[in-house]
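Visitor:
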Amino acid sequence: MVDKLMDFGAKWLQDYLGLEEEMQNLERKINVLTYRATDIITLTKLQSKKKRKKEVEEWLKDFERKKTEFRILREQAQQARFYSRIQLIRRVQTMIMGTEDLIQRGEFSGGLLLDVREAKRLMPLVATKWKGQAFEQNLKETWECLMDEKILSIGIYGMGGVGKTTLAIHVYNNLLKETKFSGHVYWITVSQEANIPKLQNDIAKFLDIDLSSEDNEMKRAAQLFQALKRRKNFVLILDDVWTHINLENVGIPLRAEGRKLIITSRSLDVCRTMGCQKEIKVKPLSEQEAWSLFQEKLGFCVELPPDVEEIAMSMAKSCAGLPLGIVTVAGSMKGTNDIYEWKDALEELEEPSIRIQQDDEIFKILNYSYNRLRDQRLKDCFLYCSLYPEDYEIPRDELIASFIMERLLDKRRSRRAEFEQGHAILNKLENACLLEGVVKIKDDDTEAKYVKMHDLMRDMALKIAKTKPKFMVKAGIWLKEIPDTSEWKEDLDKVSLRYNILSSIPSGISPQCPKLSTLTLWGNEFRSIPSSFFAYFGALQVLDLSCNRSLEELPNCISDLENLTALLLFSCRDLRFVPSLKKLKALRELDLSDTKISNVPEGLERLVNLKCLNMVHTNLVTIPEGILSKLSCLQSLGVPRHVEVQVQELEALKNLEEFIGGFGEVDRFNQFVRSCQHHKRPSFYVIQVGSGLLRGLNGHFQRMANKGVVFSFTNISLGGGKTGNVLPTDIQELEICACRGLGNSLNDTFSEFGIRTKGLTHCTIEACSEIKCLLKFSSQNDQYVVQGQVSPSAPLQNLKHLRLFCLPNFTGLFECDSLFHPIRPSQGTFSCLKSLFIDRCAKIKRLLTPSLLQCIKSLEVLKIWGCNELEEMIAEDEESSKTSISSLPNLKKLALLGNHKLRYICKGILICDSIERIEITNCRHIEKLPLFLPFIDGQLSAPPALQVIEIALPCWESLKWENPKTKNILQPFVRFGEF
Numbered sequence: 001m002v003d004k005l006m007d008f009g010a011k012w013l014q015d016y017l018g019l020e021e022e023m024q025n026l027e028r029k030i031n032v033l034t035y036r037a038t039d040i041i042t043l044t045k046l047q048s049k050k051k052r053k054k055e056v057e058e059w060l061k062d063f064e065r066k067k068t069e070f071r072i073l074r075e076q077a078q079q080a081r082f083y084s085r086i087q088l089i090r091r092v093q094t095m096i097m098g099t100e101d102l103i104q105r106g107e108f109s110g111g112l113l114l115d116v117r118e119a120k121r122l123m124p125l126v127a128t129k130w131k132g133q134a135f136e137q138n139l140k141e142t143w144e145c146l147m148d149e150k151i152l153s154i155g156i157y158g159m160g161g162v163g164k165t166t167l168a169i170h171v172y173n174n175l176l177k178e179t180k181f182s183g184h185v186y187w188i189t190v191s192q193e194a195n196i197p198k199l200q201n202d203i204a205k206f207l208d209i210d211l212s213s214e215d216n217e218m219k220r221a222a223q224l225f226q227a228l229k230r231r232k233n234f235v236l237i238l239d240d241v242w243t244h245i246n247l248e249n250v251g252i253p254l255r256a257e258g259r260k261l262i263i264t265s266r267s268l269d270v271c272r273t274m275g276c277q278k279e280i281k282v283k284p285l286s287e288q289e290a291w292s293l294f295q296e297k298l299g300f301c302v303e304l305p306p307d308v309e310e311i312a313m314s315m316a317k318s319c320a321g322l323p324l325g326i327v328t329v330a331g332s333m334k335g336t337n338d339i340y341e342w343k344d345a346l347e348e349l350e351e352p353s354i355r356i357q358q359d360d361e362i363f364k365i366l367n368y369s370y371n372r373l374r375d376q377r378l379k380d381c382f383l384y385c386s387l388y389p390e391d392y393e394i395p396r397d398e399l400i401a402s403f404i405m406e407r408l409l410d411k412r413r414s415r416r417a418e419f420e421q422g423h424a425i426l427n428k429l430e431n432a433c434l435l436e437g438v439v440k441i442k443d444d445d446t447e448a449k450y451v452k453m454h455d456l457m458r459d460m461a462l463k464i465a466k467t468k469p470k471f472m473v474k475a476g477i478w479l480k481e482i483p484d485t486s487e488w489k490e491d492l493d494k495v496s497l498r499y500n501i502l503s504s505i506p507s508g509i510s511p512q513c514p515k516l517s518t519l520t521l522w523g524n525e526f527r528s529i530p531s532s533f534f535a536y537f538g539a540l541q542v543l544d545l546s547c548n549r550s551l552e553e554l555p556n557c558i559s560d561l562e563n564l565t566a567l568l569l570f571s572c573r574d575l576r577f578v579p580s581l582k583k584l585k586a587l588r589e590l591d592l593s594d595t596k597i598s599n600v601p602e603g604l605e606r607l608v609n610l611k612c613l614n615m616v617h618t619n620l621v622t623i624p625e626g627i628l629s630k631l632s633c634l635q636s637l638g639v640p641r642h643v644e645v646q647v648q649e650l651e652a653l654k655n656l657e658e659f660i661g662g663f664g665e666v667d668r669f670n671q672f673v674r675s676c677q678h679h680k681r682p683s684f685y686v687i688q689v690g691s692g693l694l695r696g697l698n699g700h701f702q703r704m705a706n707k708g709v710v711f712s713f714t715n716i717s718l719g720g721g722k723t724g725n726v727l728p729t730d731i732q733e734l735e736i737c738a739c740r741g742l743g744n745s746l747n748d749t750f751s752e753f754g755i756r757t758k759g760l761t762h763c764t765i766e767a768c769s770e771i772k773c774l775l776k777f778s779s780q781n782d783q784y785v786v787q788g789q790v791s792p793s794a795p796l797q798n799l800k801h802l803r804l805f806c807l808p809n810f811t812g813l814f815e816c817d818s819l820f821h822p823i824r825p826s827q828g829t830f831s832c833l834k835s836l837f838i839d840r841c842a843k844i845k846r847l848l849t850p851s852l853l854q855c856i857k858s859l860e861v862l863k864i865w866g867c868n869e870l871e872e873m874i875a876e877d878e879e880s881s882k883t884s885i886s887s888l889p890n891l892k893k894l895a896l897l898g899n900h901k902l903r904y905i906c907k908g909i910l911i912c913d914s915i916e917r918i919e920i921t922n923c924r925h926i927e928k929l930p931l932f933l934p935f936i937d938g939q940l941s942a943p944p945a946l947q948v949i950e951i952a953l954p955c956w957e958s959l960k961w962e963n964p965k966t967k968n969i970l971q972p973f974v975r976f977g978e979f
């Protein structure tokens with residue numbers, strides 16, 4: 001007993017004396033951990049284009065917690081007495097083990113960073129939200145397979161149009177939320193004529209690997225293999241696979257835990273030959289599911305008469321449960337009320353020949369909607385879209401310009417009217433579900449609109465175009481050699497070899513295509529093209545060689561293509577010379593933009609039928625006087641900004657609707673504006689006044705849509721004379737960069753700014769040291785003020801996007817000189833404003849007031865960067881208090897970056913029901929996040945649309961909360977960023 005007591009006492013004494021040694025050991029390990037964390041933070045700062053992986057972010061959070069635990073433990077150890085020291089040593093030993101584990105986890109063999117571009121690409125894909133037991137079961141089964149570590153590959157198969165891709169998209173979107181794969185989910189669309197180099201390049205884009213300098217297929221595969229191998233967990237989705245693909249030859253490592261493959265195919269054999277461990281068949285919809293989908297696409301709000309509903313149900317049934325067919329047929333019947341049209345449609349759909357084989361069946365179903373296009377223009381425009389590569393998103397304005405160029409539209413009195421007709425046709429094709437509309441949000445938060453052809457629709461269009469009109473389409477398939485002469489049939493009408501890697505045409509090849517009207521070689525790598533190639537293209541009307549950036553010269557035989565109506569050489573950046581055009585009197589469109597052409601082509605003045613001439617971004621030095629005035633049919637003209645066209649020559653072009661160019665002096669610009677107002681033309685313009693590269697507006701230029709002016713590096717005060725500077729009354733976009741002579745506000749510089757220019761939608765002001773505010777209101781200026789209030793003719797009432805950059809003396813949006821009461825903008829001012837960016841405006845201290853908030857209810861995006869003196873985003877006014885409630889009901893994104901003195905977003909409460917994202921970076925003194933939290937189902941909840949709050953950990957911990965529960969409710973949305 002004595003021995004046991006002595007042993008026990010010795011152990012206690014050892015623990016008591018050993019605490020200091022264990023604390024030193026722990027401190028050494030904490031130091032190792034700190035060095036590793038410092039290295040990680042330094043590396044991520046050095047690579048600004050990349051962001052930390054989620055696992056790295058979690059590790060850094062664990063490190064901060066471990067540091068805090070160590071600090072507390074060390075303080076307790078220094079103050080501990082005998083018994084507490086013995087208890088502490090157990091905690092120290094436990095913490096040592098935890099620290100060792102954290103050190104080991106900090107190796108990150110798969111790398112620390114994600115490419116920002118990769119993160120941007122991994123956005124949810126848009127898909128129809130289908131309901132039904134079969135769909136939910138397939139979705140559940142696929143998900144269970146993904147979570148099963150034993151199953152590495154899944155094949156989703158079924159007939160064309162049955163919904164394989166839709167199912168895969170839903171799986172993909174769910175995977176983006178799954179932390180297990182850390183954002184490593186890659187969607188690749190595989191075309192019918194896919195090859196290994198193209199597939200390798202598609203995958204390389206996701207991994208930020210450049211394979212362009214490596215031609216050897218095996219070496220390319222090795223690079224991909226190593227890059228993918230470093231990602232322990234990833235999912236690769238190959239959509240629409242038609243033939244067996246050797247994954248090893250591509251460079252895809254699979255036979256390991258955590259690496260998953262999903263393929264979709266119309267063929268079960270393809271799934272099997274590719275070794276899919278699990279095969280999931282997507283079956284047609286049941287009758288009830290088909291009818292529900294038919295009703296949804298027809299419009300649930302549409303109430304059909306009983307006799308029509310019976311026919312509609314029969315039509316839904318005739319689609320054989322194929323979702324794509326149902327969507328297409330329902331779309332074609334939308335808005336149809338006449339029972340005879342319904343009966344006729346059902347009769348067509350139920351022809352016995354419609355049910356032959358699977359591929360023929362879906363073709364007949366899709367072809368049905370095509371045949372129901374009673375307008376031949378719609379059919380021609382639909383077929384034309386098949387000239388683009390599979391899954392290509394076609395800009396709407398580019399496509400409509402092609403329709404006009406190909407004369408697929410009815411002739412109109414103006415080019416603008418033809419564009420409006422083109423938009424109407426695309427809308428009809430979208431509404432009939434023959435084309436898909438795509439809207440993308442660009443970096444400046446503006447929209448860009450595209451159309452896309454579903455792959456089955458494109459298959460159908462190409463099948464139709466095998467007869468009349470006859471197309472040969474080999475677009476976007478990495479073609480290295482021109483098609484064999486045997487493929488160039490005599491009755492070919494259009495040939496598209498877009499987006500390939502063709503670099504040469506063997507000398508002597510002369511395809512005999514006497515009826516060929518359109519040839520597009522857009523986006524290849526040609527340096528030259530032999531004359532023999534065009535020998536038998538006498539009927540050629542449209543020749544598109546755009547984006548052959550190595551093309552140095554054109555064959556002289558181009559001069560003999562007398563039926564040519566369009567010659568497109570956009571972005572042939574090495575092209576310096578164009579042969580004589582004097583014989584091409586039928587030419588209506590000539591695009592030489594973004595080339596190195598320095599002289600006006602010979603014979604340009606003879607092109608009396610020319611409607612569109614684009615010479616923007618060329619090396620052109622001058623346009624000889626008198627040439628342009630001879631082109632009396634010109635509707636659209638673009639010249640380099642440094643080549644100044646005389647206003648008198650523009651006035652002579654009585655059909656001119658669109659002008660892109662520049663004026664070196666403000667006086668010349670004022671002369672142009674007054675001429676436009678007098679002659680009421682051109683209707684559309686992008687004008688640069690001053691020097692420097694054409695900026696801003698070029699980023700979202702749309703044909704026959706822009707009305708914009710850029711002032712850059714010029715003295716605005718030198719223009720105007722007695723009548724002052726003027727802006728076009730219909731101006732929509734204004735950019736002012738690095739200009740002198742502005743005065744303190746825009747209405748100091750431009751006559752009645754904001755009132756006469758009511759159509760202004762975009763305004764950017766950058767690097768202008770004199771400007772202090774956007775608008776200055778005066779109690780003596782009745783243009784803006786009536787009895788101390790802003791005039792009912794509210795300025796800037798249609799402004800949607802406002803950007804203010806690098807304005808060192810800017811103090812606020814508005815300024816007034818009233819001695820008694822501050823002048824408040826009327827309700828109309830800023831009523832359409834959607835985005836407000838303020839960057840490096842050093843003197844601004846307070847941005848908004850509660851009364852100004854009443855004007856910007858439409859605001860969706862607010863970004864404030866680098867405003868070092870900013871203290872309050874929403875400041876108090878006379879009527880506000882600390883308990884005041886402010887509201888931005890449509891605000892979706894709030895970004896506050898590098899505003900070092902910012903203390904308050906607002907002192908009261910801010911209601912933002914639509915808020916999705918909040919980013920606060922390097923705003924170290926911010927005190928509150930005053931979000932109003934709604935009650936949902938009787939419980940205090942986060943704003944319903946909230947997705948993420950990005951903020952530094954110290955900043956988050958230092959925030960003060962009126963209600964302690966608020967922090968806990970918002971915590972799940974927090975992602976810690978830089979301090």
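Positions 1 to 979 (full-length UniProt numbering) are the ones given, in order, by the sequence shown.
Think of the CB as a built atom: it goes at the ideal place given N, C-alpha and C, for glycine as much as any other residue.
Please say whether G106 and R36 have beta carbons closer to each other than 7 Å?
Guide: Here the question's residue 36 lines up with position 36 in the sequence shown. Here the question's residue 106 lines up with position 106 in the sequence shown. The answer is yes: Cβ separation under 7 Å.
Visitor: Give me the DSSP bridge partner(s) of P483.
Guide: Numbered from its first residue, the sequence shown carries residue 483 at position 483. P483 is not bridged to any residue.
Visitor: Looking at the structure shown, is V673 part of a helix, part of a strand, or coil, going by DSSP?
Guide: Indexing the sequence shown from 1 puts residue 673 at position 673. Correct three-state label for V673: helix.
Visitor: Could you pull out every residue in the same chain whose Cβ sits closer than 6 Å to the Cβ of L199, ignoring the five residues on either side in sequence?
Guide: For the purposes of this step, residue 199 is taken as residue 199 along the sequence shown, with counting starting at 1. Excluding positions up to five away in sequence, the list reads V250.
Visitor: Heavy atom of the ligand FAD less than 6 Å from the Cβ of P323, yes or no?
Guide: This structure simply doesn't include the ligand FAD, nor any ligand for that matter.
Visitor: With a cut-off of 8 Å, do at least 3 Cβ pairs link the region 914-921 to the region 894-904?
Guide: Counting Cβ pairs under 8 Å, three or more are found: they touch.
Visitor: Measure the C-alpha to C-alpha separation of Y83 and R90 and round it to an integer number of angstroms.
Guide: Residue 83 sits at position 83 when you count from the first residue of the sequence shown. Residue 90 sits at position 90 when you count from the first residue of the sequence shown. Low local confidence applies: a pLDDT of 48 at Y83 is under 50, so the model's placement there is unreliable, with the coordinate-based value given in what follows. When rounded, the distance between both Cα atoms is 12 Å.
Visitor: Can the beta-carbon of D594 be found less than 7 Å from the beta-carbon of H617?
Guide: Against the sequence shown, residue 594 aligns to sequence position 594. Against the sequence shown, residue 617 aligns to sequence position 617. For D594 and H617, yes; Cβs fall inside 7 Å.
Visitor: Taking the C-alpha atoms as reference points, what is the distance between K901 and L870?
Guide: Counting from one through the sequence shown, the residue named residue 901 turns up at place 901. Counting from one through the sequence shown, the residue named residue 870 turns up at place 870. Spanning the two alpha carbons is a distance of roughly 6 Å.
Visitor: Using the rule of at least 16 other Cβ atoms within 10 Å of the residue's Cβ for burial, across every protein chain shown, is L862 buried or exposed?
Guide: For this step, residue 862 is matched to residue 862 along the sequence shown. L862 should be labelled buried.
Visitor: Measure the C-alpha to C-alpha separation of T518 and S528 and round it to an integer number of angstroms.
Guide: Taking the first residue of the sequence shown as position 1, residue 518 is located at position 518. Taking the first residue of the sequence shown as position 1, residue 528 is located at position 528. Taking the straight line from one Cα to the other gives about 19 Å.
Visitor: Residues in its own chain within less than 6 Å of Y499 by CB, not counting five upstream and five downstream?
Guide: Counted from its first residue, the sequence shown places residue 499 at position 499. Closer than 6 Å at Cβ, skipping near neighbours: P389, A475, G476 and G523.
Visitor: Under the three-state reduction of DSSP, which class applies to S580: helix, strand or coil?
Guide: Locating residue 580 in the sequence shown gives position 580, where the first residue counts as 1. In this structure, S580 counts as coil in the three-state DSSP scheme.
Visitor: Taking the CB atoms as reference points, tell me whether D101 and A168 lie closer together than 7 Å.
Guide: Here residue 101 is taken as the residue at index 101 of the sequence shown, counted from 1. Here residue 168 is taken as the residue at index 168 of the sequence shown, counted from 1. It is not a contact, given that the beta carbons lie outside the stated cut-off.
Visitor: How long is the line joining the alpha carbons of L799 and T99, rounded to whole angstroms?
Guide: On the sequence shown, residue 799 is found 799 positions in, with the first residue counted as 1. On the sequence shown, residue 99 is found 99 positions in, with the first residue counted as 1. Straight across, the Cα-Cα distance linking L799 with T99 is about 56 Å.
Visitor: Determine, using beta carbons only, whether L492 and L516 come nearer to each other than 7 Å.
Guide: Within the sequence shown, the letter at position 492 stands for residue 492. Within the sequence shown, the letter at position 516 stands for residue 516. Cβ distance < 7 Å, so L492 and L516 count as in contact.
Visitor: CA-CA distance, L349 and A330?
Guide: Sequence index remark: in the sequence shown, residue 349 carries index 349 (1-based). Sequence index remark: in the sequence shown, residue 330 carries index 330 (1-based). If you take the alpha carbons of L349 and A330, they lie about 12 Å apart.
Visitor: Measuring alpha carbon to alpha carbon, tell me which of R458, E21, T729 and C832 ends up nearest Q854.
Guide: Residue mapping note: residue 854 aligns to position 854 of the sequence shown, counting from 1. The shortest C-alpha separation from Q854 is found at C832.
Visitor: Does the region 476-490 touch the region 442-460, meaning 3 or more C-beta pairs lie closer than 8 Å?
Guide: no
Visitor: With which residues is R740 paired in a DSSP beta bridge?
Guide: Here residue 740 is taken as the residue at index 740 of the sequence shown, counted from 1. Its beta-bridge partners are N715.
Visitor: Using the beta-carbon count (16 or more within 10 Å), is A566 buried or exposed?
Guide: Taking the sequence shown and counting its residues from 1, one reaches residue 566 at position 566. By the 10 Å Cβ count, A566 comes out buried.
Visitor: In chain order, which beta strand (DSSP E) runs of at least 3 residues are fully inside the region 476-543?
Guide: 494-496 and 518-520
Visitor: Leaving out the 5 sequence neighbours to the left and right, which residues in its chain are closer than 6 Å to V235 when beta-carbon positions are compared?
Guide: As a first step, residue 235 must be located in the sequence shown, where it is residue number 235. If we look at V235 and ignore the five residues flanking it on each side, its Cβ neighbours are L175, F181, V185 and K260.
Visitor: State the Cα-Cα distance for the pair D782 and L631, rounded to the nearest angstrom.
Guide: On the sequence shown, position 782 is the one that residue 782 refers to. On the sequence shown, position 631 is the one that residue 631 refers to. Residue confidence is low: D782 scores 45 on pLDDT, short of 50, so the model does not pin down where it sits. Its coordinate-derived value is still stated next. Roughly 47 Å separates the two Cα atoms.
Visitor: Helix, strand or coil, according to DSSP, for D730 in the structure here?
Guide: Sequence index remark: in the sequence shown, residue 730 carries index 730 (1-based). Residue state, collapsed to three classes: coil.
Visitor: Roughly how many angstroms separate the alpha carbons of E644 and Q671, rounded to a whole number?
Guide: On the sequence shown, position 644 is the one that residue 644 refers to. On the sequence shown, position 671 is the one that residue 671 refers to. Computed Cα separation, rounded: 13 Å.
Visitor: Please list the terminal residues of the continuous alpha helix (DSSP H) segment that includes C557.
Guide: Numbered from 1 along the sequence shown, position 557 holds the residue referred to as residue 557. Premise fails: C557 is in no alpha helix (DSSP H) and is neither H nor E.
Visitor: How is V126 classed by DSSP in three states: helix, strand or coil?
Guide: As a first step, residue 126 must be located in the sequence shown, where it is residue number 126. In the structure shown, V126 sits in coil (DSSP, three-state: anything other than H, G, I, E or B).
Visitor: Could you please give me the residues that DSSP links to S265 through a beta bridge?
Guide: The residue labelled residue 265 in the question sits at position 265 within the sequence shown. Answer by DSSP bridge pairing, in chain order: Y157.
Visitor: Given this structure, state the Cα-to-Cα distance separating L620 from G661, to the nearest angstrom.
Guide: If you number the sequence shown from 1, residue 620 lands on position 620. If you number the sequence shown from 1, residue 661 lands on position 661. Whole-angstrom Cα-Cα distance: 12 Å.
Visitor: Does the region 315-322 come within contact of the region 287-304, defined as at least 3 CB pairs closer than 8 Å?
Guide: A contact between stretches requires three or more CB pairs, one per stretch, nearer than 8 Å, and the region 315-322 meets this requirement with the region 287-304.
Visitor: Using three-state DSSP, classify K960 as helix, strand or coil.
Guide: Here residue 960 corresponds to residue number 960 of the sequence shown, with the count starting at 1. K960 falls in the strand class under three-state DSSP.
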